């Protein structure tokens, strides 16, 4: 099987028939709740850049007052 380099689909709310709209969190309270769930469950998340570089991390802290996140990344 050959490798196919892919990019994530753009997340654009302009299309009213968007089948992925039901999976998006838009309200700040909903986003904060989801981030806290990820932190509490120590769920691995993938962080990636536009050049395709990525790494796996967990949400370490959620600071809603300063609107900041901190991630825990394993060395290696």
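Numbering (this note's numbering), first residue to last: 268 to 343. Ideal Cβ placement from N, Cα and C applies to all residues, glycine included. Fair warning: this is a prediction, and the values are worked out from it, not measured in the lab.
### Query
Assuming residue 292 contacts residue 301 under a Cβ cut-off of 8 Å, what Cβ separation, rounded to an integer in Å, is found between them?
Numbered from 1 along the chain shown, position 25 holds the residue referred to as residue 292. Numbered from 1 along the chain shown, position 34 holds the residue referred to as residue 301. Contact flag correct, Cβ pair sits at about 5 Å.
### Coarse secondary structure for residue 335, derived from DSSP in three states
Along the chain shown, one-based indexing puts residue 335 at 68. Residue 335 falls in the strand class under three-state DSSP.
#### Entry: C-alpha gap between residue 290 and residue 342, whole angstroms
Here residue 290 is taken as the residue at index 23 of the chain shown, counted from 1. Here residue 342 is taken as the residue at index 75 of the chain shown, counted from 1. So the alpha carbons of these two residues sit roughly 32 Å apart.
### Query
Can you tell me whether residue 340 is buried or exposed, with buried defined as 16 or more other CB within 10 angstroms of its CB?
Start at 1 with the first residue of the chain shown, and residue 340 comes out as number 73. Residue 340 should be labelled exposed.
### Message
Can you tell me where the beta strand (DSSP E) holding residue 301 begins and where it ends?
### Response
Taking the first residue of the chain shown as 1, we reach residue 301 at position 34. Taken as a continuous stretch (DSSP letters only), residue 301 belongs to no beta strand (DSSP E), being part of the alpha helix (DSSP H) at 295-307.
### Task
Pick out whichever of 285, 295, 299 has its Cα sitting closest to the Cα of residue 326.
Counting from 1 along the chain shown, the entry for residue 326 is found at position 59. Minimum Cα distance to residue 326 is reached at 299.
### Message
Taking a contact to mean a Cβ-Cβ separation below 8 Å, would you say residue 324 touches residue 312 in this structure?
### Response
Within the chain shown, numbered from 1, the residue matching residue 324 stands at position 57. Within the chain shown, numbered from 1, the residue matching residue 312 stands at position 45. Going by C-beta atoms, residue 324 is nearer than 8 Å to residue 312.
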